[in-house]
Amino acid sequence: MKQIIAVSLAVGLVTGLIGYNAAASGAADEGRAPALSELPAGYRDWSLITVAHEEGKLNDIRAILGNDIATKAFREGATTFPDGTIIGRLAWDYHPLEESKAAFGAAQSFVAGVPKNGVQFMIKDAKKYASTGGWGYVEFDDGKPSATAMPEACFACHSVVKDRDFVFSRYAP
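Our numbering puts the first residue of the sequence shown at 33, with every later residue one more than the last.
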């Protein structure tokens with residue numbers, strides 16, 4: 033129970049991406065302002081879309097959440113997401129559960145550990161983010177939009193799933 037509470041309290045401190053939106057003039061993709069200026073209200077209460085384990089440099093476990101528009105699209109098997117979709121990613125380090133190791137003689141069960149700094153979001157607006165497949169990317173570090181990542185890097189990775197509207201996650205019913 034303590035781990036669940038600790039993870040719940042720390043959700044706002046996980047790692048991620050950053051994105052940019054259109055310039056105030058309305059011309060698509062000319063500005064470099066964050067796609068969102070504030071954490072979306074109530075995002076911690078959004079539906080769970082899926083969970084994942086990321087290896088390599090990131091080496092984390094993550095929860096993928098979606099606003100109502102995203103959740104509906106995932107559940108319906110969308111291959112193109114509607115404008116207004118927001119997908120969030122929370123991530124944590126993980127470590128073996130000692131009790132499981134004692135019970136099975138080897139590390140078998142892993143649990144969330146320290147949250148990674150940053151909360152990531154993808155925001156769908158086909159016009160505003162036309163040059164990045166219709167998606168804006170943003171990371172919040174300590175509750176503020178981060179300025180350390182580049183939208184080109186986010187989009188470059190997501191471009192490998194262009195046939196799924198640049199979304200890696202798959203719905204886990």
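Cβ atoms here follow ideal geometry from the backbone N, Cα and C, with glycine treated the same way.
Mind checking which residues open and close the beta strand (DSSP E) that includes residue i?
| i | result |
| --- | --- |
| Lys156 | Val151 to Lys156 |
| Phe142 | Phe142 to Pro147 |
| Ser79 | Ser79 to Glu86 |
| Gly98 | Asp92 to Gly98 |
From the options, pick the residue whose C-alpha is nearest to that of residue i; which is it?
| i | options | result |
| --- | --- | --- |
| Asp100 | Tyr203, Ser201, Arg94 and Ile118 | Ile118 |
| Gly145 | Asn91, Trp167, Thr164 and Arg107 | Asn91 |
| Lys89 | Ser191, Asp125 and Lys156 | Asp125 |
| Ala158 | Lys194, Cys186 and Pro114 | Pro114 |
| Val83 | Val193, Val192, Ala123 and Trp167 | Ala123 |
| Val151 | Phe142, Pro177, Val192 and Arg196 | Pro177 |
| Gly98 | Gly120, Val170 and Glu87 | Gly120 |
| Val199 | Leu68, Ile155, Ala67 and Gly74 | Ile155 |
What does a CB cutoff of less than 7 Å around residue i pick up in its chain, not counting 5 residues either side in sequence?
| i | result |
| --- | --- |
| Ala139 | Pro128 and Lys133 |
| Tyr203 | Ile81, Thr82, Phe106 and Arg107 |
| Val43 | Since pLDDT at Val43 reaches only 32, below the 50 mark, its modelled position is unreliable, and the value read off the structure follows with that caveat. Arg76, Leu122 and Pro147. |
What are the boundary residues of the alpha helix (DSSP H) that includes residue i?
| i | result |
| --- | --- |
| Glu171 | Careful: Glu171 lies outside any alpha helix (DSSP H), inside the beta strand (DSSP E) at Trp167 to Asp173. |
| Ala135 | Glu130 to Phe136 |
Would DSSP call residue i helix, strand or coil?
| i | result |
| --- | --- |
| Lys176 | strand |
| Arg107 | helix |
| Ala185 | helix |
| Asp115 | coil |
| His190 | helix |
| Tyr203 | coil |
| Ala139 | coil |
| Tyr161 | coil |
| Ala102 | helix |
| Asp197 | coil |
Can you check DSSP and say which residues form a bridge with residue i?
| i | result |
| --- | --- |
| Gly120 | Leu97 and Phe153 |
| Tyr126 | Ala144 |
In its own chain, which residues sit with a C-beta less than 6 Å from the C-beta of residue i, not counting the 5 before and 5 after it?
| i | result |
| --- | --- |
| Ser201 | Ile81, Thr82 and Ile96 |
| Thr103 | Ser79 |
Take residue i and list the residues in its own chain whose beta-carbon comes closer than 8 Å to its own, dropping the five residues that flank it on each side.
| i | result |
| --- | --- |
| Leu71 | Gly44, Val151, Phe172 and Gly175 |
| Ala110 | Asp197 |
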